[in-house]
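Residue numbers (mature numbering (1 follows the signal peptide of the UniProt record, and there is no 0)): -26 to -1, 1 to 230.
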């Protein structure tokens, strides 16, 4: 069963100690939720098989990386947690895109300081006509280790979280990555939160999304099955991401 939460909000991050770390999510802008295996996204490789996701299917205008741009997107943020130097951070993700050719939708994950500054880019993925999807072409290089380190797109876009674009393909480059692992060692003690996002680039046609699961900090599992918060305010997130204008154009859809 899929639980879908379409919200335009950023809940204030609550500072929690590393010990509990049971409620994972502090806020969502756009289209976020929890789901189980369906279509090309198989059961998460760890835990009970469920995962959290972000999708552009009901994305919010301007919810993109300011340095990359885009039209709309969705961003999911974790609670703030305390960690020590040399603590290990790890998670798994699967990027799915119904777009292709020159429409370079993308996804990312960042480790942020409690104050909202980027500490590390943990991974990037981007729709390309050929070559590696992960790391994302033309995006900041991730400082985390990825396994596998380079990922080519796999065929198939059927995934309920893409909404009406599930099973659709605009052009060469559509598909999914399968589950990829990201791992990072914190260089200093501090208070942090995680940010996961996905964005439409160029227009709002042919959506993309990302599944996230198996988040651990210092070996402790973060409960990513926790519900995404209800709407409140997204001003803080928009200030960090930057807003962009909408560019629309029509494209003919075709089945995969």
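Here a beta-carbon is modelled for each residue, glycine too, at the ideal position from N, C-alpha and C.
- Which value, in whole angstroms, describes the spacing of the CA atoms of residue 161 and residue 89? 17 Å
- Message: For residue 77, list the residues DSSP reports as bridge partners.
- Response: DSSP output for residue 77 lists no bridge partner at all.
- Should residue 36 be labelled buried (16 or more other beta-carbon atoms within 10 Å of its own) or exposed? buried
- Query: Can you list, in chain order, the stretches of the beta strand (DSSP E) that have 3 or more residues and sit fully within the stretch 116 to 196?
  - Reply: 119 to 121, 154 to 159, 164 to 174, 182 to 191
- Query: Going by beta carbon distance, what residues of the same chain come within less than 6 Å of residue 129, once the five residues before and after it are set aside?
  - Reply: 149
- Task: Go ahead and pull the three-state DSSP assignment for residue 22.
- Result: coil
- Look at the alpha carbon of residue 46 and the alpha carbon of residue 126, and state the distance between them as a whole number of angstroms. 25 Å
- Message: So residue 156 and residue 64 are supposed to be a Cβ contact under 8 Å. How far apart are they, rounded?
- Response: 7 Å
- What number of angstroms, rounded off, separates the C-alpha of residue 193 from the C-alpha of residue 135? 29 Å
- Message: Applying the 10 Å Cβ sphere with the 16-neighbour rule, what's the burial state of residue 58?
- Response: exposed
- Item | Reduced DSSP category for residue 70 - H, G, I as helix; E, B as strand; rest coil | strand
- Query: Can the beta-carbon of residue 231 be found closer than 9 Å to that of residue 158?
  - Reply: This structure cannot settle anything about residue 231, because the visible part of the chain is limited to -26 through 230.
- Item | Segment contact, 8 Å Cβ cut-off, at least three pairs: the stretch 165 to 172 with the stretch 7 to 17 | no
- Query: Among 38, 96, 104, 55, which residue has its Cα nearest to the Cα of residue 176?
  - Reply: 38
- Message: Less than 9 Å between the C-beta atoms of residue 81 and residue 99, yes or no?
- Response: yes
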